[in-house]
Each structure stands twice: as structure tokens, then as C-alpha cells.
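For the record, the sequence lines run as chains A and B.
The numbering used here runs 18 ahead of the 1-based position in the first sequence.
The numbering used here runs 18 ahead of the 1-based position in the second sequence.
Data first, discussion second: the structure below is written as C-alpha cells.
There are 2 protein chains.
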Amino acid sequence: MIGHDPLTTYKAAVIGAGAGGLTVAIGLSTFGHDVVLIEGDKVGGDCTNVGCIPSKALLHAAGVGMDDPFAWVQAKRDGLAAHEDFEMETDDHIHLVRGWARLTKSENDAHTVCVSGPDGDVEVHAENVIVSTGSKPIEISIEGLGTERLLTNEDIFELKTIPDTVVLVGGGVISLEMATAFLDLGSEVHIVERTERLIGTEDPLVSATIEAALRSRGAHMHTSASIKRFDDLQQTAHLTNGDTIVGVDKVLIGIGRRPNLAGLGLEDAGVKFADTGIIADDWGRTSVEGVYAVGDATGNTATTHGANAVARRTIRAIALPIPKFGKPRALPNAVYCRPQIASVGLTVSELNAIPGTGRIRLVKHLSEIDRGLTDDIEYGFVAVDAERFTGKVLRAVIVAPDAAEMIGMFTIMIDNGIGLRKLFGTVHPYPAYSQAIGFITDDFASATFRKLPREWWAMMRGRIAKHRRRSTS
Amino acid sequence: MIGHDPLTTYKAAVIGAGAGGLTVAIGLSTFGHDVVLIEGDKVGGDCTNVGCIPSKALLHAAGVGMDDPFAWVQAKRDGLAAHEDFEMETDDHIHLVRGWARLTKSENDAHTVCVSGPDGDVEVHAENVIVSTGSKPIEISIEGLGTERLLTNEDIFELKTIPDTVVLVGGGVISLEMATAFLDLGSEVHIVERTERLIGTEDPLVSATIEAALRSRGAHMHTSASIKRFDDLQQTAHLTNGDTIVGVDKVLIGIGRRPNLAGLGLEDAGVKFADTGIIADDWGRTSVEGVYAVGDATGNTATTHGANAVARRTIRAIALPIPKFGKPRALPNAVYCRPQIASVGLTVSELNAIPGTGRIRLVKHLSEIDRGLTDDIEYGFVAVDAERFTGKVLRAVIVAPDAAEMIGMFTIMIDNGIGLRKLFGTVHPYPAYSQAIGFITDDFASATFRKLPREWWAMMRGRIAKHRRRSTS
């Protein structure tokens, strides 16, 4: 419903109606609790309005060759946003207050949130506060580049026409997905990345594969480079490595995100935070009792499903008076470029911190399996880093047409302690891409089965070295 | 290598170099055993030459709009066949003998196989015999229909031109995949199915969904019908339900398959068989010690991965002198039409034999999830039948663009005893189609969590009823 009672102390005040905030609000409502949901911008947050939803809609529209792809994107986005808005306005337990929130010092087990909005200033009282204010794109200024050419994820989906030449600054998720879409739309696509490879959070084989795939479709890569200066009259970008890009229509900046913490009053409320976001544990708990933070505002996750996963634990923490047991589930990542990228398990740097003696890496390229042959797949693979002997999956990464759907097999394995040894013999349908996983388990078995004592010793050495490293660091 | 020594008793004689036979031959060779591989037709069998490989290549070529799709199909098929042939001719432990085999009565723990081929008649002696002779399409004659219009999977991939109008007889896997391909190629497609629905081995929701999807793309359905008579001059098919199909260029028969057992000498050797195929257990063992049968020749499985799965157990039975423990793994099925169909677990009739009180069915349509919205998915769902209380997966079926890659999550769950309750909380990447599985586990939890004693009792009643039914049947 719209509006709240300033004299009531609600079960929770949720600040920000994006992926994380909506999950908490709806979850607590389902448990019968009354919640105030505070949003100064659009319900649905970045995911619905300027993130996952419009980007996936654009990838679809561009992939199937729609005549007016941006009209499709805007229709889908606005339809979902209107639906989510309506749901919040009509939920009996959710009290929607439009405005910008500021935390104050808590008193008597209750928190007061001040909201400034179109209807003036109001106060919200609640037993718990959830900060789910999200993030916004990091902006940079490029000499000579006017705002009419400059885009971020917040305005790219408002385009009316397809740019002839688009420059994507940054080699992360946004650039990979938008490169895929704009190549389909017929644009000339340039990616400018400061470091030496795209998608630096993944392992180098992912970068090399996706760079080759994009290049084969006509994309231009400018790595170890940034835009030094832009000549607006000539529509030319001059890069630090000497490259020039001519005829530039639009420049999309996708170099990272910064949590939305300004004006929230975190210091007054005593909530600890860093540059990366609010300090919160895997239940969303912050340094202040009863104040939680989920999603991009924390810097712990940067995905909708990551925000949802923590938000579900926050709901449990608030609504269920039971001990907080249970480790968080594995959090997969997916990039919906073509081919898709998906990974789960340790991060690459966490993996590299584990001594190499105790682990084994197995890679199967899709070009080596039968479906790769029939479907002409040049770029793609499944790679698994596993503990020796047990085959416990430390990290899995997939580059494949359907990687986002395949990664769930590894997510389930990690969550349930199923290693490659247990997976040996599992039957995958022929000739699915998933057969690559069957080959990997076979390779693991033939690499480790015949000399089990040696494998056991290798695993133990790895564990001991890991323990020593931890003890001394 | 080519040829064998008629005086040597080999570890095994493998009859038929298709999916199952090649797996056994290569597997035993890897263990260092000498094997005679007998093949009268092409190495690679149906899968490589007239089945999975050319059909997937055609689906790909048609889907991406290649100019000469059949040239692609033939090139891919011939390339793989030549590769497999070369591998068999050059493997040090595999002795390739070209010809048609006949079993004889076994004597002194060794078996004698007589082979008639291009080089005359020879004898092969082996400790073990593996019958992997595959199957062939069931043929029917239609009044008035000449052989120049009649196709099966054995000649359809030899087409040079795209037929304007094609009639697919039978509503099974072959017809669904070929309907998808020929619709992409621009043909007018008719499916004639004797029963009231397509893909009758799956549950009715699958049939309804795939029929609607094909119809939306222009396919014509003629269910509860068969071709009564064909008028070749008018190119018109007259159906038993009164429908007529005019301008017919080709008629593809895909109504089922029959095991290749003729001339094998099974009676002489004492190997028991039925109309559906050789009687064999899940290790491939037949009624005669040392004689095994795998793949389509048994009627136990009709897929390449099914033949492989049994063949791997046959290798273990022959090569490893350890007790035969371990249940067979779950066998998924996949149909590569668009959307794809994939299922795993009990068959529909096995499921229906379980009393309804103890189980629960959960369905999530892709149109209800966010990716369904952005990607305009009208036809598709994930459906799970699970045991109440535990959430043990009895059967899962998926109709989705990537169903063949998604089904592995359920295969792993079934193999490892992970039910929906354990899956609760598993994180799927947003906005992948796999999120439907997350909704299903949530729905299972909310349907069963609040009244656990009642759920436990429902499960027990189901188990008791199942036990009673078994005891009295």
C-alpha cells in the first residue's frame, strides 16, 4: 500500500526497492510482518530499469534481428517496472514511501529513518533497517568528450537509433554483453580496456577465448589502453597506446560501480563502511544491531542473484527466531555475451592462493566434442580446478552457448560436496555440450585413479601447505 | 589395425562398430586388451552416419540459415566417420574385420564368431562377445507411395535440395527434430501421428507445449491419423481422418526402430531375445556366460549415451576382476527440437504407477520468469515430480531453449540422492532459465515446510501403498 503511519514501529524499514530490497520486503511480508519500503527512484532498482532486464532484452532483440530493438527493450523494461511498482503499491504488508532515506542514531531497540521526498519530510520507525541502496556507475571525464556522446548503463537503453560506431570503455560484464548486442545490430564495436585483458576477474583462458570470439565477429580490441583525448569535431578517440578510433558516435563507460552511500547518515547511525561499501556479514548484519545491508551497497556481491541470496538469509535472521546456522550457498556468476561465460566456486585469486601441489586443472574444449563439430563451435570450454584425490570442485568456469544454464551442475556439486570422483559415470545426453563435463570427470579419473596413494599424498601436501600459509600469514 | 589372426583367442569380439561397440572396443583397448571389431557397414554406426550427428548438423545449419545445409551435414558426418574409421584402423589393440557376423555355440570358455565379408569367410575366437548391432527403422508401405518420395533417417541426410512440402510420419524424436529443421529451411511441414499426441513417451504437458510451439511456427499437426493412401500423380496424401495434404514432395517415416538381430545366430548360441531385442542386464550380460549385448540391439536403451553408459559397465565387467557393485546411473533423454525437451528419472508410466498420495508435482513456466519476459518465451517449463516430505526427485522434465544442458542438474541430484529440500537455497544465476528450478524448490518448501508431520505421513502412506501394490502384483 502507499504511505505509512509515522507513529507505528514497523518490523522493518527497507531502504531501496531494488533486487535485494524487494526480496527482503516481499519475504517479510510473506511471513506476515509489516514493512516500510523507501524508494526515491524507480521500484525495481538497477536490475529492472538499467541492468539485467534491459540488457537481456537488448541481447535477445539484437540476436533475433528485430526491426526496432530499443522499442522492445523499453517495452519489456517498463512492463516489468510497472508490474513491480503495482505489486508494492498493493501488498497489504508493504508500506511504500517515496523519497530518500537518512539513518539516525538508534534508541530503545528501534531505529528512526528520516525520509525526504515529494511529500515533504517524514519519519519511519522500525525494529530493523535494511540498507539496499545499490550502486551507480563510476564516471570518468574524457578530455574533449561531450555528454551527448557519453553513455553509461543508465542511459544506453534510452537510445532511439543504432550507433554506427560505438566505443566500450572497460572490459567487464557490461562491455562484453553490449559488444555482443551491438555487433548483432551491425555497429562497429571497439573495446578499450586499461589492463592487458578483458574480464580480468576470470582466468586468462576465459579472456583469450572471449577476445578471440568477439574479434572473429569483427570487434576491435584495444587492451592496455585508455582514451587520452577525444576530438569531437572529427569524432575521433585518441588512445594512450597510439591507436585512433574514427567516426565514433557513442562512448559507453562500464568500468565499475560505486555503492550508493551518500546522504545515508551511516556515520551518525554508527554503521561501519569502506570505499567498497557497507561492512556486512553473510547474513547482511552490519556493525549496528538491527541494521542490515544487502546487495551492491555492501560490495559483497554485484549481482541480482547475489543480492537475493543474502536477502533471503536476512529474512531468516529477522523473521525466524532460530540459531543462525548454515554456510552461504555457492554464488555463480554469468555473463550473457555470446558465447556465455559462467563460473562458480573460489575466485581466481582465492584459487591461486591454494598451493598448486594439491590441485589439478582439467579443461575440455567444445571443439573437441561432437556437438562442437556439428555446431561449428570454435570458442568455448569447460574448465574445472579440483582438489587432487577427492576431486572436490574448487572452481569451475564455462564458456559455451548455454554456460549460464550449465554452471548449475557445478553449483549443486559445490553446495552438496560432490566432487569429480562421485560424478564419474554420470550420464550426460548425447550430443549436448554438457558432455564436456563427462570427459572432464573421465580425465580426472584416469589422471588420478591408478595411483591413489600418490594422489592422496599430493592432496595432503596441498592441505598442509595451505594450512602453513594461513598460519604464517 | 586391419585384420586379425584366426588362431588367436582374443579378449573380446565386438560385433558392430556403432556407439556401444566403439565404446567397448576402445575401452578394452585402453586397458591393454586385444579386441576384434567386426563391422559390415560403416564404422560409427547410426549415430555418426544416419542419426545424432547429421541431425544435429542439419539443425545447426538450418538454424543459422546456411545456403547449402545438406552439404554441411554431409561434410560433418563424413569427416567424423572418416576420423572414427581411421582410429579403428590404426589402434594397436583393435583388429578391424569388415563383414557380417554370426555367433555359434560356445565351447571351452571361448566363443567363435563366423564373419562373412568382402574377403570371404573367416572365424574369430574370443573369450567374450559383445553384440552391438544396433537397430534399423521400422518400414511401412503406404498405398500409392513410391520409394522415390519415401525417406527414413537412413536417406534423409542425402537430400540435395530442400523439399517444398514434407510429411513426417510419427510424432517421436526424429519427427520433432526434423520438423524444427525443415521449418527453418522454409518447407511446409506436416506431422502425421497415429495416437492423439506427439512424443507420447513424455507427459501430456510436454506434448501440448511442443505441439503449440511447432504450430506457432507454421507446422501442421494431424494427430489420431495415418496416411490411408497416396496419390502420386496429384502428390496428395489422404489421411484416415479425412485430411488431405497436397503438393507432397517427401514423406519421412520415423515411427520406431527394430533391433538388428537377423542372421546373428542367436538361437544357435543360446542367447535369449525378444521382439524388442536381446535380453541383457544393466552390465550388458545375456543368458550366455561371456556374451554381452549393448545399445539398440537390446531394446534397453535407444540413445547413444544410453549405449555408452551400459558399454562402460560392460568394460568393467570384462576388464576389472572386482565384484559388480553399483547401480546404473540415471539416464537422461534429450530431443534437440526448438525448444528442446529433456527428461530424467522414472518414465511417465513408472511414475504413474506410484500412488499419488506420496508425491507432489511442481511446474514453473518460463513465461513466468524474468528471462522468459526479456526473451519472449511462450513455450517452455520445468516440471518436477518429487516424493513428498523428502523432495526426492522421481522425474524431471524440461522444455526450454537449453533443456539438454539444464537436465544435468537433475541427473546429478538423482544420482546423488539430493532432493528438492536439499536444493532449497541453491543460487542460480539471474536471469538464467535455470531460475525456474529455484522457484520450484521454493514452491516445494512452501508447500511442504509448514506442516512437516502431515508431509511425513503423506510420504509414508505413498510408500506403504507402493509396497502393497508391489506385493500383490
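By construction, the Cβ of each residue, glycine as well, lies at the ideal position given by its N, Cα and C atoms.
Every value quoted in this text rests on a predicted model; they were computed, and no experiment measured them.
Tell whether a beta-carbon distance below 9 Å holds between residue i and residue j.
i	j	result
glycine 437 of chain B	alanine 414 of chain B	no
lysine 29 of chain B	histidine 51 of chain B	yes
methionine 19 of chain A	leucine 114 of chain A	yes
tyrosine 448 of chain A	alanine 37 of chain B	yes
glycine 188 of chain B	valine 210 of chain B	yes
proline 373 of chain B	glycine 480 of chain B	yes
phenylalanine 88 of chain A	leucine 201 of chain A	no
alanine 337 of chain B	leucine 55 of chain B	no
threonine 513 of chain A	valine 312 of chain A	Since the first and last residues shown for chain A are 19 and 491, residue 513 of chain A lies out of range.
valine 53 of chain B	alanine 99 of chain B	no
leucine 284 of chain A	leucine 121 of chain A	yes
threonine 179 of chain B	tyrosine 397 of chain B	no
proline 72 of chain B	threonine 151 of chain B	no
histidine 240 of chain A	glycine 426 of chain B	no
isoleucine 112 of chain B	isoleucine 33 of chain B	no
arginine 377 of chain B	leucine 369 of chain B	yes
Can you tell which of the options has the C-alpha that lies nearest to the C-alpha of residue i?
i	options	result
aspartate 86 of chain B	B/Leu203, B/His323, B/Leu163, B/Glu307	B/Leu203
alanine 230 of chain B	B/Ala465, B/Arg116, B/Leu194	B/Leu194
alanine 31 of chain A	A/Val445, A/Gly63, A/Ala119	A/Ala119
aspartate 461 of chain B	B/Phe442, B/Leu470, B/Ile482	B/Phe442
arginine 379 of chain A	A/Gly426, A/Ala327, A/His323, A/Thr459	A/Thr459
proline 155 of chain B	B/Thr321, B/Gly274, B/Arg377	B/Gly274
isoleucine 217 of chain A	A/Gly236, A/Ala237, A/Ala199, A/Ile192	A/Ile192
glutamate 145 of chain A	A/Ala335, A/Glu396, A/Arg276	A/Ala335
leucine 148 of chain B	B/Arg303, B/Val91, B/Ala292	Just to set this straight, residue 148 of chain B is isoleucine in the shown sequence, not leucine. Comparing Cα positions, the closest option is B/Arg303.
glutamine 92 of chain A	A/Ile158, A/Ile174, A/Leu163, A/Ala327	A/Ile174
glycine 63 of chain B	B/Ser153, B/Trp90, B/Glu368, B/Phe49	B/Ser153
leucine 163 of chain A	A/Arg439, A/Gly324, A/Thr322, A/Leu251	A/Leu251
alanine 35 of chain B	B/Glu105, B/Arg377, B/Ile263, B/Glu157	B/Glu105
lysine 440 of chain A	A/Gly409, A/Ala325, A/Ile333	A/Gly409
serine 205 of chain B	B/Ala237, B/Thr444, B/Ser225, B/Glu214	B/Ala237
Once you ignore the five residues that flank residue i on each side, which residues in its own chain have a CB closer than 8 Å to its CB?
i	result
isoleucine 387 of chain A	Pro449, Tyr451, Gln453, Ala454, Phe457
methionine 424 of chain A	Ala360, Val400, Ile416, Ala418, Tyr451, Ser452, Ile455
alanine 243 of chain B	Val210, Glu211, Arg212, Leu257, Thr258, Asn259, Asp261
valine 140 of chain A	His22, Pro24, Val115, Gly117, Cys132, Val133
alanine 327 of chain A	Thr319, Pro346, Arg347, Leu349
threonine 108 of chain B	Met19
glycine 135 of chain A	Gly58, Val115, Arg116, Gly117, Trp118
Going along the chain, which residues of its own chain have a beta-carbon closer than 7 Å to the beta-carbon of residue i, five neighbours each way excluded?
i	result
alanine 348 of chain A	Val362, Gly363, Thr429, Ile432, Asp433
lysine 306 of chain B	One detail in the question is off: residue 306 of chain B reads as valine in this sequence, not lysine. The residues are Ser124, Ala287, Gly288, Val289.
proline 471 of chain A	none
leucine 493 of chain A	Residue numbering for chain A in the displayed model covers 19 to 491; residue 493 of chain A lies beyond these limits and cannot be assessed.
Can you tell me whether residue i is buried or exposed? The criterion is at least 16 other CB atoms within 10 Å of its CB, across all chains shown.
i	result
glutamine 358 of chain A	buried
serine 234 of chain A	exposed
lysine 342 of chain A	exposed
asparagine 351 of chain A	buried
histidine 247 of chain A	Reading the sequence as shown, one finds arginine at residue 247 of chain A and not histidine. The residue in question, arginine 247 of chain A, is exposed, as its Cβ has fewer than 16 Cβ neighbours within 10 Å.
glutamate 220 of chain B	buried
valine 185 of chain B	buried
Between which residues of its own chain and residue i is the CB-CB distance below 6 Å, once the five residues before and five after are set aside?
i	result
valine 68 of chain B	Asn171, Glu172
histidine 143 of chain A	Thr27, Ala128, Thr130
phenylalanine 407 of chain A	Glu473, Trp474, Met477
glutamine 253 of chain B	Gly265, Val266
threonine 316 of chain B	Gly295, Ile296, Ala298
histidine 383 of chain B	Phe399
threonine 466 of chain B	Glu473
Under 8 Å from any heavy atom of the ligand FMN, does the C-beta of residue i make it?
i	result
valine 54 of chain A	Questions concerning the ligand FMN fall outside what the structure shown contains, since it holds no ligand whatsoever.
Inset, instruction - Jot down the residue ranges of each uninterrupted alpha helix (DSSP H) in the stretch 209-283 of chain A, minimum 4 residues, whole runs only, in chain order. - result: 222-234
Legend entry - alpha helix (DSSP H) segments (min. 4 residues) lying fully within the stretch 357-381 of chain B: 366-370
Legend entry - Every unbroken beta strand (DSSP E) inside the stretch 297-354 of chain B [3 residues or more]: Fully enclosed beta strand (DSSP E) runs of 3 or longer: 309-311, 351-353.
Inset, instruction - Would you mind listing the alpha helix (DSSP H) stretches within the stretch 52-95 of chain B that are 4+ residues and don't spill past its ends, in chain order? - result: 63-68, 70-81
Inset, instruction - At 3 residues or longer, and completely inside the stretch 416-447 of chain A: list those beta strand (DSSP E) runs for me, N to C. - result: none
Inset, instruction - Could you tell me which uninterrupted alpha helix (DSSP H) segments, each at least 4 residues in length, are contained entirely in the stretch 118-202 of chain A, listed from first to last along the chain? - result: none
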